[in-house]
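K.L.:
Pasting a structure below so you can have a look.
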Amino acid sequence: MKDHEIGPEMRAVLGQVFINMPLRYIEKYKDLIFENRINIEIGFTADDLEGSSPGSVSEAVGLIRENGCRITFHGPFWDLCSGSTDPGIRKVTSARLDSLFDLVEKIRPEQVVCHTGFDPRHHRGHRREWVENSLATLGTFVRRAEAVRIPLVLENVFEEGPELHLELLEAIKSPWFGFCLDTGHQHSFSRTNLHDWLLATWPHLKEIHLHDNDGSFDSHFPVGSGTIDFDYLFDFLGEMKISPILTMEPHTVEHLYESLAGLADLASFNRFVKDRTSAV
């Protein structure tokens, strides 16, 4: 980390985005976070929720906030499925989200991201039952989000198009329930192009995850090193005059620096930032 220099252009980007970081890495990278005032999307696993006390998480978040950084949460997702036909899996999913929202109520992040757990390879054949189960699961946590006035947003992963998210969002109508577009997942897993995802979901769009790939795999490459059309993305946001939270998801420190440089070099990103800054 000491070998890298975050110059003025990259620092300006940092002021506009969050960086996803697993909870277990906060201590390791705290100097990087504090020195550069990095806004953090804290990623939680099941182990984090079972092994970390609310007090220890609050202490870590307190230090981050004391250094002028903002906080969002990303919930656990491995093996969880909000609409599973197995009631035991739904029970575990609800238990994990209950633990997450206990922290949400205590710590009050700006936003909470979760996955649906839908995988068309397994769930396509009983989609109606899956949706009904998911609505029952998610409805509980939308109500908890409403109570604390903190948005809960659903991220796309393996979904082939926006239809499932729209069905869930329109069935549970709430200003505290929205959509998180993951650009890397859309590009590698979806059968629907970026234009159609944006056109369908923009009224619900509260967050965007930024990482790149070549369309063949969810590589989490730095922005600008794959084939995702980020110019189209930022021009669309500017045209629609919407300003969702932007979160980068680098998997290495090197990729963090490269993603910051990639965004700094995008004229469309700089136009978008200028427009949304002037609108404040």
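Mapped onto this note's numbering, the consecutive letters of the sequence shown carry residue numbers 1491 to 1770.
For every residue, glycine included, the Cβ atom is placed at its ideal position computed from N, Cα and C.
Keep in mind it's a predicted model, so treat the numbers as computed, not measured.
Give the single residue among 1565, 1675, 1737 and 1688 whose Cα lies nearest to the Cα of residue 1631.
P.N.:
Looking up residue 1631 in the sequence shown gives position 141. Taking only the C-alpha atoms, the option nearest residue 1631 is 1565.
K.L.:
For residue 1627, which option in 1600, 1734, 1586 and 1510 has the closest C-alpha, if you only look at C-alpha atoms?
P.N.:
Here residue 1627 refers to the residue found at position 137 of the sequence shown. Nearest C-alpha to residue 1627: 1586.
K.L.:
Out of 1724, 1617 and 1643, which one is the CA nearest neighbour of residue 1605?
P.N.:
One-based indexing of the sequence shown puts residue 1605 at position 115. Answer by Cα proximity: 1643.
K.L.:
Considering only the alpha carbon of each residue, which of 1576, 1500 and 1532 lies closest to residue 1603?
P.N.:
On the sequence shown, position 113 is the one that residue 1603 refers to. When each option's Cα is compared against that of residue 1603, the closest is 1532.
K.L.:
Count Cβ pairs between the region 1615 to 1623 and the region 1752 to 1767 that sit closer than 8 Å; are there 3 or more?
P.N.:
They do not touch, by the three-pair rule.
K.L.:
For residue 1764, count neighbouring C-beta atoms within 10 Å of its own C-beta (all shown protein chains included) and say buried if the count is 16 or more, exposed if not.
P.N.:
Counted from its first residue, the sequence shown places residue 1764 at position 274. Per the 10 Å Cβ criterion, exposed.
K.L.:
For residue 1748, which residues in the same chain have their Cβ closer than 6 Å to its Cβ, ignoring the five residues on either side in sequence?
P.N.:
Within the sequence shown, the letter at position 258 stands for residue 1748. Same-chain partners within the cutoff: 1712.
K.L.:
Taking contact to mean at least 3 C-beta pairs separated by less than 8 Å, is the region 1734 to 1748 in contact with the region 1697 to 1714?
P.N.:
Touching, yes, given that three or more Cβ pairs across the two stretches are closer than 8 Å.
K.L.:
Looking only at its own chain, which residues have a Cβ that is under 7 Å from the Cβ of residue 1669, when we skip the five neighbours before and after it?
P.N.:
Here the question's residue 1669 lines up with position 179 in the sequence shown. 1643, 1644, 1655, 1659, 1691, 1694, 1695 and 1696, listed in sequence order.
K.L.:
Within its chain, find whatever has a CB closer than 6 Å to the CB of residue 1725; leave out the 5 residues flanking it on each side and keep chain order.
P.N.:
Looking up residue 1725 in the sequence shown gives position 235. So the list reads 1758, once near-sequence residues are dropped.
K.L.:
To the nearest angstrom, how far is the alpha carbon of residue 1719 from that of residue 1702?
P.N.:
Position 229 of the sequence shown, counted from the start, is the residue given in the question as residue 1719. Position 212 of the sequence shown, counted from the start, is the residue given in the question as residue 1702. When rounded, the distance between both Cα atoms is 9 Å.
K.L.:
Rounding to the nearest angstrom, what Cα-Cα distance links residue 1650 and residue 1681 in this structure?
P.N.:
Here residue 1650 refers to the residue found at position 160 of the sequence shown. Here residue 1681 refers to the residue found at position 191 of the sequence shown. Their backbone Cα atoms lie some 5 Å apart in a straight line.
K.L.:
Return the CA-CA distance between residue 1637 and residue 1600, expressed in angstroms with no decimal places.
P.N.:
Here the question's residue 1637 lines up with position 147 in the sequence shown. Here the question's residue 1600 lines up with position 110 in the sequence shown. C-alpha separation (whole angstroms): 14 Å.
K.L.:
Taking C-alpha atoms, which residue in 1612, 1769, 1641 and 1629 lies nearest to residue 1732?
P.N.:
Taking the sequence shown and counting its residues from 1, one reaches residue 1732 at position 242. Selected option, being the one with the closest Cα: 1769.
K.L.:
Confirm, please, whether the CB-CB distance from residue 1504 to residue 1750 is below 8 Å.
P.N.:
Counting from one through the sequence shown, the residue named residue 1750 turns up at place 260. Counting from one through the sequence shown, the residue named residue 1504 turns up at place 14. Cβ atoms of residue 1750 and residue 1504: closer than 8 Å.
K.L.:
Taking its Cβ as the centre, do 16 or more other Cβ atoms sit within 10 Å of residue 1673, making it buried, or is it exposed?
P.N.:
By 1-based counting over the sequence shown, the position of residue 1673 is 183. When all chains shown are included, residue 1673 counts as buried.
K.L.:
Is it buried or exposed for residue 1568, if we count other Cβ within 10 angstroms and need 16 for buried?
P.N.:
On the sequence shown, residue 1568 is found 78 positions in, with the first residue counted as 1. When all chains shown are included, residue 1568 counts as exposed.
K.L.:
Let me check understanding here. Comparing Cα to Cα, which of 1517, 1529 and 1510 lies closest to residue 1501?
P.N.:
Along the sequence shown, read from residue 1 onward, the residue named residue 1501 stands at position 11. Closest option to residue 1501, Cα to Cα, is 1529.
K.L.:
Out of 1544, 1540, 1640 and 1496, which has the shortest C-alpha to C-alpha gap to residue 1527?
P.N.:
Your numbering for residue 1527 matches position 37 in the sequence shown. The residue with the shortest Cα to Cα distance from residue 1527 is 1496.
K.L.:
Would you say residue 1708 and residue 1678 are within 8 Å of each other, going by their C-beta atoms?
P.N.:
As a first step, residue 1708 is located in the sequence shown; it is residue number 218 there, counting from the start. As a first step, residue 1678 is located in the sequence shown; it is residue number 188 there, counting from the start. Cβ distance < 8 Å, so residue 1708 and residue 1678 count as in contact.
K.L.:
I need the boundaries of the alpha helix (DSSP H) containing residue 1669, first residue and last residue.
P.N.:
Walking along the sequence shown from the start, residue 1669 turns up at place 179. Not the alpha helix (DSSP H): residue 1669 falls in the beta strand (DSSP E), residues 1667 to 1672.
K.L.:
Below 8 Å on the Cβ atoms is my contact criterion, and I expect residue 1676 with residue 1689 to pass it. Report the Cβ-Cβ distance as a whole number of Å.
P.N.:
Within the sequence shown, numbered from 1, the residue matching residue 1676 stands at position 186. Within the sequence shown, numbered from 1, the residue matching residue 1689 stands at position 199. Between residue 1689 and residue 1676 the Cβ distance is about 13 Å, and since that is not below 8 Å, they are no contact.
K.L.:
Select from 1573, 1614, 1742 and 1667 the residue whose C-alpha is nearest the C-alpha of residue 1511.
P.N.:
In the sequence shown, residue 1511 corresponds to position 21, counting from 1. It is 1742.
K.L.:
Check the DSSP bridge columns for residue 1711 and list the partner residues they point to.
P.N.:
Against the sequence shown, residue 1711 aligns to sequence position 221. DSSP output for residue 1711 lists 1702 as bridge partner(s).
K.L.:
If you check the beta carbons only, do residue 1557 and residue 1508 fall under 8 Å apart?
P.N.:
Within the sequence shown, residue 1557 is the residue found at index 67, counting from 1. Within the sequence shown, residue 1508 is the residue found at index 18, counting from 1. No, the pair does not count as a contact, with Cβ atoms beyond the cut-off.
K.L.:
Of the residues 1752, 1635 and 1573, which one's Cα is nearest the Cα of residue 1614?
P.N.:
Counting from one through the sequence shown, the residue named residue 1614 turns up at place 124. Cα-wise, what sits closest to residue 1614 is 1573.
K.L.:
Among residues of its own chain, excluding the 5 on either side of residue 1629, which ones have a beta-carbon nearer than 8 Å to its beta-carbon?
P.N.:
Residue mapping note: residue 1629 aligns to position 139 of the sequence shown, counting from 1. Correct list, in chain order: 1662.
K.L.:
Cα-Cα, which of 1611, 1665, 1592 and 1618 is closest to residue 1648?
P.N.:
By 1-based counting over the sequence shown, the position of residue 1648 is 158. Residue 1611 is the option with its Cα nearest to residue 1648.
K.L.:
Quick check on DSSP: helix, strand or coil for residue 1621?
P.N.:
As a working mapping, residue 1621 is identified with position 131 in the sequence shown. Residue 1621 falls in the helix class under three-state DSSP.
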